[in-house]
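Each remark here refers to the structure printed beneath this line.
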Amino acid sequence: MEPEDIPANEWLLARYGTDAETVLEWWKHDIDDDGRAWITKRTLERLIKLHRRGLPLEMGTVYLGDGEYAPVPLTALIDRLRGRPVTGLRELARDADAWEARLRRAAERSDEGGDDSDVVHQILANAELSQLKKHKAVVARLVRLLPPKLRATYLVGASERQQRFWTEVFTGAGRD
122 MEPEDIPANE
132 WLLARYGTDA
142 ETVLEWWKHD
152 IDDDGRAWIT
162 KRTLERLIKL
172 HRRGLPLEMG
182 TVYLGDGEYA
192 PVPLTALIDR
202 LRGRPVTGLR
212 ELARDADAWE
222 ARLRRAAERS
232 DEGGDDSDVV
242 HQILANAELS
252 QLKKHKAVVA
262 RLVRLLPPKL
272 RATYLVGASE
282 RQQRFWTEVF
292 TGAGRD
């Protein structure tokens with residue numbers, strides 16, 4: 122069993138709700154691969170707990186000694202936790218009509234889509250299965266407007282449960 126076999130993201134979401142969603146969005150979108158190597162799932166949990174207690178988030182990262190912490194920028198996380206506007210699955214769902222219109226315009230301009238297609242694709246690709254299920258109707262609406270080459274990527278390397286979800290979305294089966 123490998124660390125990636127443990128559904129830590131799902132556990133964090135179930136345990137800490139929107140705080141976990143915010144921290145995971147930061148981890149996926151705002152830091153690079155080196156930063157993600159420093160920030161383990163346990164570290165994510167520590168960051169959530171520190172935030173909830175109003176303590177400095179830096180204390181949650183790896184202490185290197187001599188007053189130095191892991192070289193991971195926390196500014197974007199602090200901004201997210203303070204409510205800086207960001208675009209994630211929640212925001213897509215909240216403004217589904219506008220995003221659907223944006224995707225339609227992108228599809229009219231090019232078979233490859235556009236910047237809006239890329240944004241929606243990245244959000245869907247990075248979302249956890251529980252988040253996708255929670256917003257299944259919106260996901261189904263938006264994914265059908267993405268270029269076929271982007272839609273195909275959701276099945277590549279996906280777990281059996283993820284493949285089942287995407288197959289249902291693509292075929293229209295199991296709609297709520």
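Add 121 to the 1-based position in the sequence shown for my numbering, that's all there is to it. C-beta atoms are modelled at their ideal positions from N, C-alpha and C, and glycine is treated no differently.
Open item on the list: Does the region 235 to 248 come into contact with the region 259 to 272, if we say contact requires no fewer than three beta-carbon pairs (one atom in each stretch) closer than 8 Å?
Closed with: yes
Open item on the list: As an exercise, report each continuous alpha helix (DSSP H) stretch of at least 4 residues that is fully enclosed by the region 185 to 238, in chain order.
Closed with: 196 to 202, 210 to 215, 217 to 230
Task: 8 Å contact criterion, which W220 and L213 should meet: CB distance rounded - done: 5 Å
TODO: Evaluate contact between the region 193 to 208 and the region 171 to 184, counting only Cβ atoms and requiring at least three cross-stretch pairs below 8 Å.
DONE: yes
Open item on the list: Looking at the secondary structure, which residues open and close the alpha helix (DSSP H) in which P269 lies?
Closed with: Its alpha helix (DSSP H) spans residues 269 to 273.
Open item on the list: Within 8 Å, do at least three Cβ pairs link the region 166 to 176 to the region 220 to 235?
Closed with: Contact between the region 220 to 235 and the region 166 to 176 is absent, because fewer than three Cβ pairs lie under 8 Å.
- [ ] Taking all protein chains shown into account, decide if G234 is buried (16 or more other Cβ within 10 angstroms of its Cβ) or exposed.
- [x] buried
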